[in-house]
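**Q** Quick one: structure below, then a few questions.
Number of protein chains: 4
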Amino acid sequence: MAVGRKSIGARRNPDSAEAILEAAEAVLLENGYSGFSIEAVARRARAGKPTIYRWWPGKAALLLAVYQRQKRDVVYSDSGDLEEDLFRFLKSLFHQWHDTPAGEIFRSLVAEAQSDSDAAKALAEYAAGRRVHTGQLVARAQARGEVRPGVDATQVADLVASYAWVHLLTGRIDENDETIRRAVGYIVSGVSNRETEAPDQTHGSP
Amino acid sequence: MAVGRKSIGARRNPDSAEAILEAAEAVLLENGYSGFSIEAVARRARAGKPTIYRWWPGKAALLLAVYQRQKRDVVYSDSGDLEEDLFRFLKSLFHQWHDTPAGEIFRSLVAEAQSDSDAAKALAEYAAGRRVHTGQLVARAQARGEVRPGVDATQVADLVASYAWVHLLTGRIDENDETIRRAVGYIVSGVSNRETEAPDQTHGSP
Amino acid sequence: MAVGRKSIGARRNPDSAEAILEAAEAVLLENGYSGFSIEAVARRARAGKPTIYRWWPGKAALLLAVYQRQKRDVVYSDSGDLEEDLFRFLKSLFHQWHDTPAGEIFRSLVAEAQSDSDAAKALAEYAAGRRVHTGQLVARAQARGEVRPGVDATQVADLVASYAWVHLLTGRIDENDETIRRAVGYIVSGVSNRETEAPDQTHGSP
Amino acid sequence: MAVGRKSIGARRNPDSAEAILEAAEAVLLENGYSGFSIEAVARRARAGKPTIYRWWPGKAALLLAVYQRQKRDVVYSDSGDLEEDLFRFLKSLFHQWHDTPAGEIFRSLVAEAQSDSDAAKALAEYAAGRRVHTGQLVARAQARGEVRPGVDATQVADLVASYAWVHLLTGRIDENDETIRRAVGYIVSGVSNRETEAPDQTHGSP
DNA sequence: ACCTAAGCGAGACGGTACGTCTCGTCTTGCG
DNA sequence: CGCAAGACGAGACGTACCGTCTCGCTTAGGT
Numbered sequence: 337m338a339v340g341r342k343s344i345g346a347r348r349n350p351d352s353a354e355a356i357l358e359a360a361e362a363v364l365l366e367n368g369y370s371g372f373s374i375e376a377v378a379r380r381a382r383a384g385k386p387t388i389y390r391w392w393p394g395k396a397a398l399l400l401a402v403y404q405r406q407k408r409d410v411v412y413s414d415s416g417d418l419e420e421d422l423f424r425f426l427k428s429l430f431h432q433w434h435d436t437p438a439g440e441i442f443r444s445l446v447a448e449a450q451s452d453s454d455a456a457k458a459l460a461e462y463a464a465g466r467r468v469h470t471g472q473l474v475a476r477a478q479a480r481g482e483v484r485p486g487v488d489a490t491q492v493a494d495l496v497a498s499y500a501w502v503h504l505l506t507g508r509i510d511e512n513d514e515t516i517r518r519a520v521g522y523i524v525s526g527v528s529n530r531e532t533e534a535p536d537q538t539h540g541s542p
Numbered sequence: 337m338a339v340g341r342k343s344i345g346a347r348r349n350p351d352s353a354e355a356i357l358e359a360a361e362a363v364l365l366e367n368g369y370s371g372f373s374i375e376a377v378a379r380r381a382r383a384g385k386p387t388i389y390r391w392w393p394g395k396a397a398l399l400l401a402v403y404q405r406q407k408r409d410v411v412y413s414d415s416g417d418l419e420e421d422l423f424r425f426l427k428s429l430f431h432q433w434h435d436t437p438a439g440e441i442f443r444s445l446v447a448e449a450q451s452d453s454d455a456a457k458a459l460a461e462y463a464a465g466r467r468v469h470t471g472q473l474v475a476r477a478q479a480r481g482e483v484r485p486g487v488d489a490t491q492v493a494d495l496v497a498s499y500a501w502v503h504l505l506t507g508r509i510d511e512n513d514e515t516i517r518r519a520v521g522y523i524v525s526g527v528s529n530r531e532t533e534a535p536d537q538t539h540g541s542p
Numbered sequence: 337m338a339v340g341r342k343s344i345g346a347r348r349n350p351d352s353a354e355a356i357l358e359a360a361e362a363v364l365l366e367n368g369y370s371g372f373s374i375e376a377v378a379r380r381a382r383a384g385k386p387t388i389y390r391w392w393p394g395k396a397a398l399l400l401a402v403y404q405r406q407k408r409d410v411v412y413s414d415s416g417d418l419e420e421d422l423f424r425f426l427k428s429l430f431h432q433w434h435d436t437p438a439g440e441i442f443r444s445l446v447a448e449a450q451s452d453s454d455a456a457k458a459l460a461e462y463a464a465g466r467r468v469h470t471g472q473l474v475a476r477a478q479a480r481g482e483v484r485p486g487v488d489a490t491q492v493a494d495l496v497a498s499y500a501w502v503h504l505l506t507g508r509i510d511e512n513d514e515t516i517r518r519a520v521g522y523i524v525s526g527v528s529n530r531e532t533e534a535p536d537q538t539h540g541s542p
Numbered sequence: 337m338a339v340g341r342k343s344i345g346a347r348r349n350p351d352s353a354e355a356i357l358e359a360a361e362a363v364l365l366e367n368g369y370s371g372f373s374i375e376a377v378a379r380r381a382r383a384g385k386p387t388i389y390r391w392w393p394g395k396a397a398l399l400l401a402v403y404q405r406q407k408r409d410v411v412y413s414d415s416g417d418l419e420e421d422l423f424r425f426l427k428s429l430f431h432q433w434h435d436t437p438a439g440e441i442f443r444s445l446v447a448e449a450q451s452d453s454d455a456a457k458a459l460a461e462y463a464a465g466r467r468v469h470t471g472q473l474v475a476r477a478q479a480r481g482e483v484r485p486g487v488d489a490t491q492v493a494d495l496v497a498s499y500a501w502v503h504l505l506t507g508r509i510d511e512n513d514e515t516i517r518r519a520v521g522y523i524v525s526g527v528s529n530r531e532t533e534a535p536d537q538t539h540g541s542p
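Residue numbers (the numbering used here), protein chains in the order written: chain A, 337 to 542; chain B, 337 to 542; chain C, 337 to 542; chain D, 337 to 542.
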């Protein structure tokens, strides 16, 4: 906690930016989105409000910066089985959202995006990027013939991501493995090439 | 617009409640969620703030009431084809969200739920209810053998609803028909019983 | 505490009036003037607000009624010595203000009179009446030749009453006897007929 | 009327304080004590409410500040005759209370002091100071042998001030000269050293 | 014996003010 | 020129009372 941080002359002090982001994350974690205010962040960071506004135009931008600062180490496995890959991806994502500030931050960002157009734009761009990224899992499966050729990989990713988002937004990121796997199964078998298979006899065929 | 609305005795005046909900909806539409405040609603409804607080504990509850007041005439068709039914459902939902205040209200409600636990609880309950409801479409298809026996109808509804929610929250409710139909197709064929079918050659191979 | 008090037909129920005045006094005593509100009185008296407003036009009138309801047993002695009579009067008044709700009530009434013209009018009338009344002490002394003929008895009473009021309003009703007696002495010897007397060598010349 | 008043850095802006006090005085004058509210003052001063609360803890403190801001130029003459001095003092005081906002402000302050202990304390201190101050008139007369040695000058001032206060509080500051002079006469001759005099043949002996 | 008139408790109504919070802007003085 | 600091105008928050209104009830007095 940088105490007595001062100006480093006529230029931007990166320590301040860092302290602000850290404080923002801490405030978000401790008091939730409703307690997240520029004032609170400034107080916590021992920074002046103008210093925050100088670097980020407002709450939304700060929130976004906090989210992007999170090092995202979601697993993008390549087991050779799309269903397994997507399951692991969701598990990893839910785990990250559950055990790190990332979930709270992302929730806040989505909320903010509903009233702030800048945040909305940023979120849309971010989401599109993630869809393409996650879509590569599907595209890979498609390349090895696991998925039918005509399938839109990005849209499959959209379905998976939407499932994850809504679980986050409705407080269901502690969903059990079986349920997650089943959901993934519905999607994967919907795009699968293995037509003869009779997948997902959920509760086990004898 | 009831002018000079007064007390009707020692009990709630439905006119006031109605005027407040109407005003809330109007404020939300005109100024968006960020401009939605109890003060603004009171002003618009020509009601005292305490009158609002008497009936709704806060912003979240009012928002929820406004949403529930919306007469929801989403189409739950029964065409005998699940894919068609779900497509029509999504189309109808997107249309309602796009052309009536419902979309803006629901966006606001989801946002509110990220910081207000009452709203979160209410939203969770509401969402669960809708999943069951929409799930009946799937259950019906299951009953007529269109969907495999082991499939969890509610969870299929969850996938469909999640797709819709995220589209709303990321400003994509003007999604084109083909894309929607494709997404539905992925899910439906994933739970379908018609194993021999080669579904969804989306862009049609000649 | 009259429970379940009801209407007694098409006329005022004295029990209600009584209960209201009693409640008003109690509220004033317990919470002071700042906590004295029609709502609080109604609550305490288990009376409807309109019942209060039906009989008293507002806070001021109620306050006045409460004050007048106090049985005032201020001593108007007739010792044959004006100074003694006035001293006893002040002592009695201070004692009453100190040991009964009367003081708090009167303070409140004076305060109310500064913003409410009805209370002001009522207070003025009341004060004028008291001046005349107390003036009789002086007039009696005048009749027996103790006070000079030209002296305005009412005005003397005014001086004495003013002294008392200001002591009440500035929290000095616990003034010690000697001081009170001295003040009275100044006034009385100012109107006295005994010109040869050298009165009130307070701190005693031997 | 300072328009577009802004912050002048991390310290109090005297313009704001001044504007607030001025507005407070104006509100008090125009709407009386009953119309005197922090909101009204803020509105009139084009100031935010927190700016007021930052500098004054509440209504009472603001009222007191407004009163103290009044430049008090009450006449303290030294004619060599105590009766004349006190008469002129009262005349000057009544005139000030009548023709400037001072009277309304002081009335309000006394009223406030009946429900607010801070105001009560401040008023008590102020009043004590004034008694000492006015007492100097008497002490001076005492020094030149006009007043008996044992007399408590402060207490005489108390009598005079009480007379004035109560006249203010009961709307009698337009009292005629003769009456005022007579009242002063009663007090002065009560403490006078001139024992042979037959003062105050008020309505004239032929 | 019925009817009507008024009082009763209750509590909702449209308002205003309270004192606190955060917003985003502004200006200082130090480094 | 960046920085911490914090005051500024603005306005929303949720609560307390204001004085008015209407309800459903009681009861008495006039018919």
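Glycine included, each C-beta is placed from N, C-alpha and C at the ideal position.
These numbers come from a predicted model, not from an experiment.
Looking at the C-beta of Thr436(B), does it have a partner C-beta in chain A at a distance below 8 Å?
**A** By 1-based counting over the second sequence, the position of residue 436(B) is 100. False, the Cβ-Cβ gap to chain A never drops below 8 Å.
**Q** Give a yes or no on whether 8 Å exceeds the smallest Cβ distance from Trp501(C) to chain D.
**A** Here the question's residue 501(C) lines up with position 165 in the third sequence. Contacts with chain D at 8 Å (Cβ-Cβ) include Trp501(C).
**Q** To the nearest angstrom, report how far apart Gly456(C) and Arg382(B) are at their CA atoms.
**A** Translated into positions along the third sequence, residue 456(C) becomes position 120. Translated into positions along the second sequence, residue 382(B) becomes position 46. Residue identity check: residue 456(C) is Ala in the sequence provided, not Gly. Spanning the two alpha carbons is a distance of roughly 35 Å.
**Q** Does the segment 451 to 471 of chain C come close enough to the segment 492 to 506 of chain C to have 3 or more Cβ pairs within less than 8 Å?
**A** yes
**Q** With the cut-off set at 8 Å, would you say Tyr522(D) and Val527(C) are in Cβ contact?
**A** Taking the first residue of the fourth sequence as 1, we reach residue 522(D) at position 186. Taking the first residue of the third sequence as 1, we reach residue 527(C) at position 191. Cβ atoms of Tyr522(D) and Val527(C): closer than 8 Å.
**Q** Please identify, using Cβ separations under 9 Å, the residues of the segment 493 to 523 of chain D that lie next to chain C, in order along the chain.
**A** Asp494, Leu495, Ala497, Ser498, Tyr499, Ala500, Trp501, Val502, His503, Leu505, Thr506, Gly507, Arg508, Thr515, Arg518, Ala519, Gly521, Tyr522, Ile523
**Q** Which class does Ser528(C) belong to by DSSP, given the choice of helix, strand or coil?
**A** Reading the third sequence from its first residue, position 192 is the one you call residue 528(C). DSSP places Ser528(C) in strand when its eight states are reduced to three.
**Q** Quick check on Val411(B): does DSSP put it in helix, strand or coil?
**A** Walking along the second sequence from the start, residue 411(B) turns up at place 75. DSSP places Val411(B) in coil when its eight states are reduced to three.
**Q** So is Ser415(D) buried or exposed if we call it buried at 16+ other beta carbons inside 10 Å?
**A** Counting from one through the fourth sequence, the residue named residue 415(D) turns up at place 79. Answer is exposed; the Cβ neighbour count stays below 16.
**Q** Please confirm if Val380(B) has its CB atom under 8 Å from at least one CB of chain A.
**A** As a first step, residue 380(B) is located in the second sequence; it is residue number 44 there, counting from the start. According to the sequence provided, residue 380(B) is Arg. The question's Val does not apply to it. It does not; no Cβ of chain A falls within 8 Å.
**Q** Could you pull the start and end residues of the alpha helix (DSSP H) that Glu354(B) belongs to?
**A** Working through the second sequence from its first residue, we reach residue 354(B) at position 18. Counting along the chain, the alpha helix (DSSP H) containing Glu354(B) begins and ends at 350 to 367.
**Q** Helix, strand or coil for Val487(B) per DSSP?
**A** Numbered from its first residue, the second sequence carries residue 487(B) at position 151. Residue state, collapsed to three classes: coil.
**Q** Scan the segment 364 to 379 of chain B for residues whose Cβ lies nearer than 9 Å to a Cβ of chain A and list them as they occur along the chain.
**A** Gly368, Tyr369, Ser370, Gly371, Phe372
**Q** If Leu445(C) sits next to Leu426(C), beta carbons under 8 Å apart, how far is it from one beta carbon to the other, in whole angstroms?
**A** By 1-based counting over the third sequence, the position of residue 445(C) is 109. By 1-based counting over the third sequence, the position of residue 426(C) is 90. Not confirmed; about 19 Å, so no contact.
**Q** By a C-beta neighbour count over all protein chains shown, 10 Å radius and 16 as the cutoff for buried, is Lys395(A) buried or exposed?
**A** Here residue 395(A) refers to the residue found at position 59 when the first sequence is read from its first residue. By the 10 Å Cβ count, Lys395(A) comes out buried.
**Q** Taking 8 Å as the cut-off, decide whether the C-beta atoms of Val410(A) and Leu398(A) are in contact.
**A** The sequence position of residue 410(A) within the first sequence is 74, counting from 1. The sequence position of residue 398(A) within the first sequence is 62, counting from 1. Cβ distance not < 8 Å, so Val410(A) and Leu398(A) don't count as in contact.
**Q** Is the beta carbon of Phe442(D) sitting closer than 8 Å to the one on Leu400(D)?
**A** Within the fourth sequence, the letter at position 106 stands for residue 442(D). Within the fourth sequence, the letter at position 64 stands for residue 400(D). Contact: no.
**Q** Throw me the rounded Cβ distance for the Ala497(D) and Arg518(D) pair, which I believe falls under 8 Å.
**A** On the fourth sequence, position 161 is the one that residue 497(D) refers to. On the fourth sequence, position 182 is the one that residue 518(D) refers to. Actually they do not touch by this definition, with Cβ atoms about 17 Å apart.
**Q** Less than 7 Å between C-beta atoms, sequence neighbours within five positions excluded: which residues of the same chain meet that for Asp417(C)?
**A** Counted from its first residue, the third sequence places residue 417(C) at position 81. Cβ neighbours of Asp417(C) beyond the five flanking positions: none.
**Q** Using a Cβ-Cβ cutoff of less than 8 Å, which residues in the same chain neighbour Trp392(A) once the five nearest sequence positions on both sides are dropped?
**A** Locating residue 392(A) in the first sequence gives position 56, counting from the first residue. So the qualifying residues of the chain are Leu398, Ala401.
**Q** Could you check if Ala479(C) is buried or exposed, using at least 16 other CB atoms within 10 Å of its CB as the buried criterion?
**A** Here residue 479(C) corresponds to residue number 143 of the third sequence, with the count starting at 1. With fewer than 16 other Cβ atoms within 10 Å, it is exposed.
**Q** Report, in whole angstroms, the separation of the C-beta atoms of Leu422(B) and Val520(B), which I expect to be a contact under 8 Å.
**A** Sequence index remark: in the second sequence, residue 422(B) carries index 86 (1-based). Sequence index remark: in the second sequence, residue 520(B) carries index 184 (1-based). Between Val520(B) and Leu422(B) the Cβ distance is about 5 Å, and since that is below 8 Å, they are a contact.
**Q** Flag this pair as yes or no: are the beta carbons of Glu440(D) and Leu357(D) separated by less than 8 Å?
**A** Residue mapping note: residue 440(D) aligns to position 104 of the fourth sequence, counting from 1. Residue mapping note: residue 357(D) aligns to position 21 of the fourth sequence, counting from 1. Cβ atoms of Glu440(D) and Leu357(D): not closer than 8 Å.
**Q** Alpha carbon to alpha carbon, what distance is there between His431(A) and Tyr412(A)?
**A** Here the question's residue 412(A) lines up with position 76 in the first sequence. Here the question's residue 431(A) lines up with position 95 in the first sequence. If I take the Cα positions, the gap works out to 14 Å.
**Q** Around the C-beta of Arg424(D), are 16 or more other C-beta atoms found within 10 angstroms, so that it is buried, or is it exposed?
**A** The residue you call residue 424(D) lines up with position 88 of the fourth sequence. Arg424(D) comes out buried.
**Q** Interface residues of chain A around Gly394(B) at Cβ under 7 Å?
**A** Sequence index remark: in the second sequence, residue 394(B) carries index 58 (1-based). Correct list: empty, because the minimum Cβ distance to chain A is about 11 Å.
**Q** By the 10 Å Cβ neighbour count, where 16 or more other Cβ atoms means buried, how is Pro437(C) classified, buried or exposed?
**A** On the third sequence, residue 437(C) is found 101 positions in, with the first residue counted as 1. So Pro437(C) ends up on the buried side.
**Q** Measuring straight from C-alpha to C-alpha, what distance separates Gly540(B) and Arg476(A)?
**A** Locating residue 540(B) in the second sequence gives position 204, counting from the first residue. Locating residue 476(A) in the first sequence gives position 140, counting from the first residue. The pLDDT assigned to Gly540(B) is 41, lower than 50, so where the model puts this residue is not dependable; a value taken from the coordinates is nonetheless given after this. Spanning the two alpha carbons is a distance of roughly 22 Å.
**Q** In the DSSP assignment, the alpha helix (DSSP H) including Trp433(D) goes from what residue to what residue?
**A** Here the question's residue 433(D) lines up with position 97 in the fourth sequence. First-last of the alpha helix (DSSP H) with Trp433(D): 418 to 435.
**Q** Starting from the beta carbon of Lys446(C), find every residue of chain D whose beta carbon is closer than 8 Å, and list them in chain order.
**A** By 1-based counting over the third sequence, the position of residue 446(C) is 110. It should be pointed out that residue 446(C) corresponds to Val in this sequence rather than to Lys. Result: Val446, Ala447, Gln450, Leu505.
**Q** For Arg390(B), count neighbouring C-beta atoms within 10 Å of its own C-beta (all shown protein chains included) and say buried if the count is 16 or more, exposed if not.
**A** Translated into the one-based positions of the second sequence, residue 390(B) becomes position 54. A residue is called buried once 16 or more other Cβ atoms fall within 10 Å of its Cβ, and Arg390(B), having fewer, is exposed.
**Q** What would DSSP say about Ala401(B), mapped onto helix, strand or coil?
**A** Here the question's residue 401(B) lines up with position 65 in the second sequence. Here Ala401(B) sits in helix by DSSP.
**Q** Are any of the Cβ atoms in chain C nearer than 8 Å to that of Leu459(D)?
**A** By 1-based counting over the fourth sequence, the position of residue 459(D) is 123. Judged by the 8 Å Cβ criterion, Leu459(D) is in contact with chain C.
**Q** Just the Cα atoms here: how many angstroms apart are Glu448(A) and Ala447(B)?
**A** Along the first sequence, one-based indexing puts residue 448(A) at 112. Along the second sequence, one-based indexing puts residue 447(B) at 111. In a straight line, the C-alpha of Glu448(A) is about 7 Å away from that of Ala447(B).
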